[in-house]
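What follows is a set of notes on a single structure, which appears directly below.
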Amino acid sequence: MNRMKRLLCLGLICYFCCLSMIVYGNEKTSPFYLAELKCENLIDPLGIDNVTPHFSWKLKGDGWKGGQTYYEIQVASDSILLVQDKADLWNTGKLKSKTSVMVPYQGKALTSRSLCYWRVRVWDAKKQASSWSPVARFGVGILDQSQMKGEYIGASVEGGKICAPILRKKVKLTQGETSFLHVNTLGYHEIYINGRKVGEDVLTPAVSHLSKRSLIVTYDITPYLREGENDLLIWLGQGWYKTTTFGAAYEGPLVKAELDVLRNGKWEVVTKTDGSWYGRESGYSDTGTWRALQFGGERVDGRILPRDLSTHALDKMKWTPVVKVNVPDHIASPQMCEVNKIHQILQAVSVKKLGESLWLVDMGKVQTGWFEMQMPILPAGHEVIMEYSDNLTKDGEFDKQGESDIYISGGKQGEYFRNKFNHHAFRYVRISNLPQKPETGAMKSLQIYGDYKQTATFECSDADLNAIHQMIQYTMKCLTFSGYMVDCPHLERAGYGGDGNSSTMSLQTMYDVAPTFENWVQTWGDSMREGGSLPHVGPNPGAGGGGPYWCGFFVQAPWRTYVNYNDPRLIEKYYSQMKEWFKYVDKYTVDGLLKRWPDTKYRDWYLGDWLAPMGVDAGNQASVDLVSNCFISECLSTMYKTAITLGKREEAEEFAIRREKLNKLIHQTFYREDEGIYSTGSQLDMCYPMLVGVVPDSLYNKVKENVVAMTEEKYKGHIAVGLVGVPILTEWAVRNKQVDFFYQMMKKRDYPGYLYMIDHGATATWEYWSGERSRVHNCYNGIGTWFYQAVGGIRLDEANPGYRHFYVDPQIPNGVTWAKVTKESPYGTIAVNWKLKDDNQLNLQLTIPAGTTATVCIPNNAVSCKKNKKKVSVKEQTVDVEAGHYDFLFNLK
1 MNRMKRLLCL GLICYFCCLS MIVYGNEKTS PFYLAELKCE NLIDPLGIDN
51 VTPHFSWKLK GDGWKGGQTY YEIQVASDSI LLVQDKADLW NTGKLKSKTS
101 VMVPYQGKAL TSRSLCYWRV RVWDAKKQAS SWSPVARFGV GILDQSQMKG
151 EYIGASVEGG KICAPILRKK VKLTQGETSF LHVNTLGYHE IYINGRKVGE
201 DVLTPAVSHL SKRSLIVTYD ITPYLREGEN DLLIWLGQGW YKTTTFGAAY
251 EGPLVKAELD VLRNGKWEVV TKTDGSWYGR ESGYSDTGTW RALQFGGERV
301 DGRILPRDLS THALDKMKWT PVVKVNVPDH IASPQMCEVN KIHQILQAVS
351 VKKLGESLWL VDMGKVQTGW FEMQMPILPA GHEVIMEYSD NLTKDGEFDK
401 QGESDIYISG GKQGEYFRNK FNHHAFRYVR ISNLPQKPET GAMKSLQIYG
451 DYKQTATFEC SDADLNAIHQ MIQYTMKCLT FSGYMVDCPH LERAGYGGDG
501 NSSTMSLQTM YDVAPTFENW VQTWGDSMRE GGSLPHVGPN PGAGGGGPYW
551 CGFFVQAPWR TYVNYNDPRL IEKYYSQMKE WFKYVDKYTV DGLLKRWPDT
601 KYRDWYLGDW LAPMGVDAGN QASVDLVSNC FISECLSTMY KTAITLGKRE
651 EAEEFAIRRE KLNKLIHQTF YREDEGIYST GSQLDMCYPM LVGVVPDSLY
701 NKVKENVVAM TEEKYKGHIA VGLVGVPILT EWAVRNKQVD FFYQMMKKRD
751 YPGYLYMIDH GATATWEYWS GERSRVHNCY NGIGTWFYQA VGGIRLDEAN
801 PGYRHFYVDP QIPNGVTWAK VTKESPYGTI AVNWKLKDDN QLNLQLTIPA
851 GTTATVCIPN NAVSCKKNKK KVSVKEQTVD VEAGHYDFLF NLK
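full-length UniProt numbering numbers the first residue of the sequence shown as 1 and each following residue consecutively.
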């Protein structure tokens, strides 16, 4: 019967598709089509956190050059209604607009659990219509936790260890009915139905500030159900939910869940978590406190671990009633970022014997994720220990970093170890108490990061630049998962604001991570204390070191997300809290300049730059004060732009006046006229005042020349900045077109430098320029923008966010002869391909995506220019272009 229903439904859809083609057949169709439909910047999200979502789409195909002039969006409560052209929730009609990114919903009121379907079509200026897009869907999650049925439950101690239990419930259901499972865990979870894992996500949910908020994840479990009785399993893991981090209410993880079925257009609760569930230990347990340097790993007991989750196998196991736990009031809201997935699998490249039953495994490169190993047949109870490290010592010895797992053999054939609710960052694995040599093919490293897309590529004639770029881009994948970006994924796993500020522009250039920042900034808002005080880490399970540059991530990240993705949600949502932080800044401002604020239980240290190379006095108090106040100036500029964007002009003027006064005071206090330097005269102390407008026009060239001279004389042409200074020096070099100055720093092979890392075996960037401690870290990734903004020449126009308008102005280092760069914008793919020819010509090929425009800057040394073989006057200095493909040829002096 159900099969007949599905066939009938499919037939109806085909019929109405044909009917719609007839209805719209009289309109001219266009050789372009719509793709990448997103709701809240997510693809088909099942549980969003609001009732006014935003829609985005891209124009694809050969006929998109004219761009979009009109659009029509239809939203319905059923997909068949869309095919019938009966949108019962919202129909814009043919609306004149070029907007295709973050279009706000304005239809009938939606509520928690609303399930909606939508599609869009567009017309170009010639009134050619696209076909309707494929139908996409979105669901509104449970917006008020009081609406969510069920109680928080966990495993009882009578059922064994409670830190990674399996909870079970049998449910009678009808196959084919749309069924959603809403899961709110304090800790990690995996869902299994009838022995099958639901979805590909791992380490779910994303991070949150657990003493303030937990996250709800919604699953469509319809494809996993069978007619009649179904086995529902929720496998839990502690993760961050511990007494040592967020003051957990229970020693084990907890879950609150409900299973809803859509019947006659209404959701019915079929089951929920309560005292009727049963639980048992799984064989997994967590060995770490999850404080810094204490993340440990997992202990897996193969004697207990179930390998078969079928009903038949589960019925043979012993089950104990669960416990209900009273959890302190907090916010439970839908997860609004991508889930984690396994993206790459590495096989071991070598195994070396270190001693009796002791082996060193090399996976080839550092990777964040899980380790998997097929076990030989061992006696039951035999323990194998796996320790992890991202590095070997100078003497080639294993460098212990506090990460390890234990596998206890069940004494059977076919056993294997695999992580589940913890992860590691490692290249090397030291395996002890394993009597026989493991085969390389029996071991895997499973790379885990958020399910976001890479949005940029870079390649040029210089192999060194390519290697540096690849290392930066790869590192950021290792650092960005679970809805935030960490300093390092193994030793601290902390969402440090300074590290985030340092690399946000690089990360957002290279990847589509707007949803990641939606979640991460939310953790910062939740972490704010009374009076506007912010920590240095978000979420904030404990104290972390930093300074104003760390706290101010809460100001910078929302604006940068708006500029890179044309996504205004964060600046709208957190503007008032940003102003609260400035009240805290005011509290510790003395005679117009910010001074050191006190340490607290959740925040310590007060830094300017951090981890600069040896010989740079970044800890000098004058430098710390200069850098901190320059950063406040930068934040005031951001607040001005944010207020203007939000239509708050009076407040914007207040920020502008305050910034002007601060800049004058910074110059008066820190400029040393006799030497023509600011503060200590370091690269950062000189570049930052220029970047934020402190340096008077009359002194600008002198200060700029001093930076270049000082770099050559004092630092022998090397980079001489740390975490804070890297992105500032990079942005300064791009703005001032100091491409050769920056390029020669990139080419240095000795300490300190990126090639020094690579020549010493780095596959990801380090924490220290010298290679101490972490070998996969977020200190020095801020140079990532240079490859795209300088060499590629693609620069944002903040007045037209999301690359709706951008500049193309390649800066060509002396010695680089060609470059190919792509940037996937919210509107489509930008491509820049330039090449120097032997006859002193520059050929520049461009692709400008639909819905965007660009300004191409003519090189200063160009004597003539042709655009698509037609002459263009070089006196104009720039050429404005619309969407399309372009071939520029410049004759150079």
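All C-beta atoms, glycine included, are put in the ideal place defined by N, C-alpha and C.
Since the structure is predicted, the reported quantities are computational estimates derived from the model, not experimental observations.
Backbone secondary structure at residue i - three-state DSSP
| i | result |
| --- | --- |
| residue 881 | strand |
| residue 345 | strand |
| residue 560 | helix |
| residue 277 | coil |
| residue 148 | coil |
| residue 586 | helix |
| residue 246 | coil |
| residue 235 | strand |
| residue 614 | coil |
| residue 601 | coil |
| residue 70 | strand |
| residue 210 | coil |
| residue 25 | No answer about residue 25 holds up, because its pLDDT of 37 lies below 50 and its placement is not dependable. |
| residue 575 | helix |
| residue 747 | coil |
| residue 658 | helix |
| residue 321 | strand |
| residue 463 | helix |
| residue 635 | helix |
Residue i classed as buried or exposed, judged by whether at least 16 other C-beta atoms fall within 10 angstroms
| i | result |
| --- | --- |
| residue 788 | buried |
| residue 378 | buried |
| residue 390 | buried |
| residue 49 | buried |
| residue 272 | buried |
| residue 824 | buried |
| residue 629 | buried |
| residue 678 | buried |
| residue 752 | buried |
| residue 878 | exposed |
| residue 868 | exposed |
| residue 897 | In this structure the chain extends from 1 to 893, so residue 897 is not present and cannot be described. |
Cβ-based neighbour list, residue i, same chain, cut-off 7 Å, excluding 5 preceding and 5 following
| i | result |
| --- | --- |
| residue 744 | 717 |
| residue 731 | 691 |
Own chain residues within Cβ distance below 8 Å of residue i, not counting five before or after
| i | result |
| --- | --- |
| residue 589 | 595 |
| residue 542 | 245, 291, 292 and 602 |
CA nearest to the CA of residue i, picked from the options
| i | options | result |
| --- | --- | --- |
| residue 137 | 131, 89 and 93 | 89 |
| residue 282 | 301, 295, 276 and 855 | 301 |
| residue 861 | 640, 811, 849 and 632 | 811 |
| residue 363 | 351, 550, 400 and 572 | 351 |
| residue 894 | 634, 319, 78 and 790 | Absent from the model: residue 894. The displayed extent of the chain is 1 to 893, so no value can be given. |
| residue 71 | 80, 52, 86 and 91 | 91 |
| residue 94 | 128, 353, 184 and 544 | 128 |
| residue 61 | 205, 33 and 130 | 33 |
| residue 162 | 817, 299 and 59 | 299 |
| residue 192 | 76, 314 and 295 | 314 |
| residue 421 | 786, 166 and 471 | 166 |
| residue 367 | 144, 609, 104 and 490 | 490 |
| residue 568 | 576, 577 and 558 | 558 |
| residue 715 | 340, 738, 683 and 287 | 683 |
Residues of its chain near residue i, where Cβ-Cβ distance is below 6 Å and the 5 sequence neighbours each way are ignored
| i | result |
| --- | --- |
| residue 338 | 450, 451, 452 and 515 |
| residue 839 | none |
| residue 652 | 640, 643 and 644 |
| residue 222 | 178 and 179 |
| residue 114 | 140 |
Heavy atom of the ligand FAD within 6 Å of residue i beta-carbon
| i | result |
| --- | --- |
| residue 255 | The ligand content of the structure shown is nil, which means the ligand FAD is not present either. |
(message) Does the contact criterion of 3 or more C-beta pairs under 8 Å hold for the region 403-414 versus the region 448-458?
(response) no
(message) Pairs of beta-carbons, one from the region 171-181 and one from the region 247-262, closer than 8 Å: are there three or more?
(response) yes
(message) Check whether the region 406-418 and the region 379-388 touch, using three or more Cβ-Cβ pairs below 8 Å as the test.
(response) yes
(message) I want to know whether the region 700-708 touches the region 579-589 - three or more CB-CB distances under 8 Å.
(response) no
(request) Check whether the region 611-626 touches the region 752-769, taking contact to mean three or more Cβ pairs, one atom from each stretch, closer than 8 Å. (result) yes
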